[in-house]
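There are 4 protein chains.
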Amino acid sequence: MSTPADVKAAWIAEEEAIRKNYSKPGTADRETIGRYDGLGFLHAMLRGELPYPPIMDAMNFCLLQAEKGRIVFQGSPQFGHYNPIGSIHGGWYCTILDSALGCAVHSTLPRGKGYTTLELKVNLIRALTESSGPVRAEGRIIHSGGQTGVAEATLFDSAGKLFASATTTCLIFDIPQYS
Amino acid sequence: MSTPADVKAAWIAEEEAIRKNYSKPGTADRETIGRYDGLGFLHAMLRGELPYPPIMDAMNFCLLQAEKGRIVFQGSPQFGHYNPIGSIHGGWYCTILDSALGCAVHSTLPRGKGYTTLELKVNLIRALTESSGPVRAEGRIIHSGGQTGVAEATLFDSAGKLFASATTTCLIFDIPQYS
Amino acid sequence: MSTPADVKAAWIAEEEAIRKNYSKPGTADRETIGRYDGLGFLHAMLRGELPYPPIMDAMNFCLLQAEKGRIVFQGSPQFGHYNPIGSIHGGWYCTILDSALGCAVHSTLPRGKGYTTLELKVNLIRALTESSGPVRAEGRIIHSGGQTGVAEATLFDSAGKLFASATTTCLIFDIPQYS
Amino acid sequence: MSTPADVKAAWIAEEEAIRKNYSKPGTADRETIGRYDGLGFLHAMLRGELPYPPIMDAMNFCLLQAEKGRIVFQGSPQFGHYNPIGSIHGGWYCTILDSALGCAVHSTLPRGKGYTTLELKVNLIRALTESSGPVRAEGRIIHSGGQTGVAEATLFDSAGKLFASATTTCLIFDIPQYS
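Right, here's the structure in full:
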């Protein structure tokens, strides 16, 4: 049976392996995005064919797994993410959770469809410190329709401790020249 | 009458003047926090007597103004805050708004009381790019009671364009040795 | 100067006057809705040209005022709206606030546009009892765009005491044959 | 294998059986509430030893199942719950979901602890009509701590179609004389 320390070691190893494939920070233009369906876009990022989003460096997390309707990001908050009162800023939770939520919606979209996040709500359940990581944000689709997507996400560590949960509403639209 | 360019120049000048007073990034321990009421803590940070929160460097924003129940943060999102699809990541909005919301609650607390954010909800209204800044997050208290605080915030630029709005619920508690 | 009792009496009188104009409970079909712009639809309801929504009887509140981007509902929760632990059920707050939020968005729409509520978040700030009324839910538009609307609302009594606040995201769409 | 019609018939039969046990609408005072732990309170209501909340009549739903951390309400929206544009008012969704969320938290509390809902957020996913019922709101605990509880809920019909999802934050407190 795997101990919590085993799980933590496996999580760290998985992140290291994935990070080796990553390209460099950057953004994709609308034409490039339009060539992929949502899941294909995320897989191209995981394989290093597309740049990874710059925010991943600022917040020290990365996309780890992507399947249709289920996404995992992993990261470790650092000293640079502290709020003034000695715990990790709520914005770090929001950023990794927003990534998991948005990509959960994106992963369900066919070629020619794009999305934008209309709103997210985050429940902060436990304090994170710079020694809490690695933690995972897992996003799951709840509803993917013609005009809107709804997803939920949780943030937890390798011992299964829950740090936050979140939900989002996304607008789904046609990317004109590709739909 | 002041033109939008005048307002933008004034905003930039105000941020530069405030940043000159700032100390270095860091966090305050519970004993230090316990010496101040909420507004006094924020003013001590503005005067450079206390360190400023490290997240402010990662996200390129700073606390600009603090009065009881009303807080202004200002910042400029950068390339390092982009998401993969070419606009500023929702996490940047959430981080500056969470700061404004939390400090709006903090600013109403007497000495011996602390707070923690239970949840926040953010509506993303317009896309930010690396040329949108400076933008301001203004937080305002809605309710400050014995056990909970509720605040709202908006994110807008010097032309008055609205980029996001947000609300929060905070838990208010005694800091044992000081209450 | 008006005392709180004066304000309360004026609120009750205003509701009585408005209720005299109301027609009967019912709903409007898409064709009827398509004949009005959003504000015109609400004014037709206030004048009794259109039926009022049946939920207003179940929850004992009514639309009181409608201008572009600002809506007031007024009502009085009753014994029939209690939860099992002796205060008014959160659902009563949500229902009157959802009405104010949705109509604030509706009031900004031109003829040929409809809306649907995607999500709302409600902060419950103080307990209501069957003797708290009348209370008002005032909705205000924050953003009205081509595809989405964002609004906020507060619930308060004639002494200005705040009971709840709320925000919503609505989807705006064409009503095909009228746009 | 059970068809959707079988499931629907079973749901209706389960509600009829439970409703036979119900007492009358009413509320419990703090002393009565203090005699039970959370789950015991809900079970006493299901057995008819305690009155059921009056809001259940106004909204035509009832508590159906209660176990620790998992709650099911069932109901059927009616003509009296319509909004002016011909679908069931968002307030109906909010009310049944708020019940499921609050009771999910309540079901985890020991004797001497009470709770109050601080906020809820509801995503409305599909339109309900007066012929959609019966639908179920299932609430599940996410976090139950010393001071706060977080729960999630979904609203779905007997064919598994999803109509809404929701999350809540509750404040947990001591009921003074019983804790």
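Residue numbers (my numbering), protein chains in the order written: chain A, 454 to 632; chain B, 454 to 632; chain C, 454 to 632; chain D, 454 to 632.
Cβ coordinates follow ideal geometry from the N, Cα and C atoms, glycine included.
Keep in mind the model is a prediction, meaning the values are calculated, not measured.
| Can you name the residues that DSSP bridges to valine 603 of chain C? | C/His596 and C/Thr622
| Whose C-alpha, out of B/Ala590, B/His596 and B/Gly602, is nearest the C-alpha of leucine 608 of chain B? | B/Ala590
| request: Give the DSSP bridge partners of alanine 617 of chain B, in chain order. | output: B/Leu577 and B/Leu608
| message | Starting from arginine 483 of chain C, trace the alpha helix (DSSP H) in both directions and tell me its first and last residue. | response | 483-487
| request: Closer than 7 angstroms by C-beta to valine 460 of chain D: which residues in its own chain qualify, once you throw out the five before and the five after it? Chain order, please. | output: Ser611
| Helix, strand or coil: how does DSSP classify tyrosine 475 of chain A here? | coil
| task | Taking threonine 548 of chain A as the reference, give the member of B/His534, B/Ser560, B/Cys556 and B/Arg523 with the closest Cα. | result | B/His534
| message | So for isoleucine 508 of chain A, helix, strand or coil by DSSP? | response | helix
| field | Simplified DSSP state of isoleucine 465 of chain A, which is helix, strand or coil | value | helix
| Between glycine 487 of chain B and isoleucine 625 of chain B, is the Cβ-Cβ spacing less than 8 angstroms? | no
| request: Name, please, each residue of chain D whose Cβ falls closer than 9 angstroms to the Cβ of tyrosine 430 of chain C. | output: Shown here, chain C extends from 454 to 632; a query on residue 430 of chain C therefore has no answer.
| Are the C-beta of leucine 577 of chain C and some C-beta of chain F separated by less than 8 angstroms? | Going by chain labels, chain F is absent from the structure shown, which instead holds the protein chains A, B, C and D.
| task | Identify which residue in B/His559, B/Val603, B/Ala606 and B/Met509 has its Cα closest to the Cα of proline 530 of chain B. | result | B/Met509
| said: Pull the bridge partners of tyrosine 535 of chain C from the DSSP assignment, please. | reply: C/Ile541
| said: For lysine 473 of chain D, would you say it is in contact with chain C, using Cβ-to-Cβ distances shorter than 8 angstroms as the test? | reply: no
| query | In terms of residues, what are the limits of the beta strand (DSSP E) holding leucine 516 of chain D? | reply | 514-520
| field | Sub-8 angstroms separation of leucine 554 of chain C and glycine 592 of chain C beta-carbons | value | yes
| request: Pull up the DSSP beta-bridge partners for tyrosine 568 of chain D, would you. | output: D/Ile625
| said: With a threshold of 8 angstroms, are at least 3 pairs of Cβ atoms found where one atom belongs to the stretch 464-479 of chain A and the other to the stretch 492-509 of chain A? | reply: yes
| task | Report the option in C/Ala481, C/Glu484 and C/Thr570 whose CA atom is closest to the CA atom of glycine 544 of chain D. | result | C/Thr570
| message | For glycine 586 of chain A, report the span of its alpha helix (DSSP H) as first-last. | response | No alpha helix (DSSP H) contains glycine 586 of chain A, which DSSP labels as neither H nor E.
| Cβ neighbours of proline 457 of chain C in the same chain (closer than 8 angstroms, five flanking residues each side left out) | Ser611 and Ala612
| query | Comparing the C-beta of lysine 574 of chain B with each C-beta of chain C, is any distance below 8 angstroms? | reply | yes
| Backbone secondary structure at glycine 501 of chain D - three-state DSSP | coil
| said: For cysteine 623 of chain C and glycine 599 of chain A, what's the separation of their Cα atoms in angstroms? | reply: 15 angstroms
| field | Contact with chain D by threonine 561 of chain B, beta-carbon distance below 8 angstroms | value | no
| Nearest candidate by alpha-carbon position, reference alanine 481 of chain A, set A/Ile471, A/Ala470, A/Ile541 and A/Phe494 | A/Phe494
| field | Within chain A, partners of histidine 596 of chain D - CB distance below 9 angstroms | value | Asn576, Ile578, Arg579, Leu615 and Ser618
| message | Let me see if you follow: with CB-CB separation under 8 angstroms, is valine 558 of chain C close to chain B or not? | response | no
| query | Thinking C-alpha only, which one of C/Ala619, C/Pro537 and C/Val558 is nearest isoleucine 595 of chain B? | reply | C/Ala619
| said: Tell me the rounded alpha-carbon separation between serine 632 of chain A and glutamate 484 of chain A. | reply: Because the pLDDT of serine 632 of chain A is 47, which lies under 50, any placement of that residue in the model is unreliable, and the number read from its coordinates should be weighed accordingly. Roughly 12 angstroms between the two C-alpha positions.
| request: Show which residues of chain C have a CB atom less than 8 angstroms away from the CB atom of glutamine 527 of chain A. | output: Chain C residues near glutamine 527 of chain A: none, gap ~28 angstroms exceeds 8 angstroms.
| request: Out of B/Glu468, B/Ala466, B/Thr621 and B/Trp464, point me to the one whose CA is closest to valine 558 of chain B's CA. | output: B/Thr621
| request: Taking 8 angstroms as the cut-off, decide whether the C-beta atoms of leucine 517 of chain B and aspartate 551 of chain B are in contact. | output: no
| task | Could you tell me which of B/Glu605, B/Ile541 and B/Gln527 sits nearest to alanine 470 of chain B, measuring between CA atoms? | result | B/Gln527
| If we cut at 8 angstroms on Cβ distances, does phenylalanine 532 of chain D have a partner in chain C? | yes
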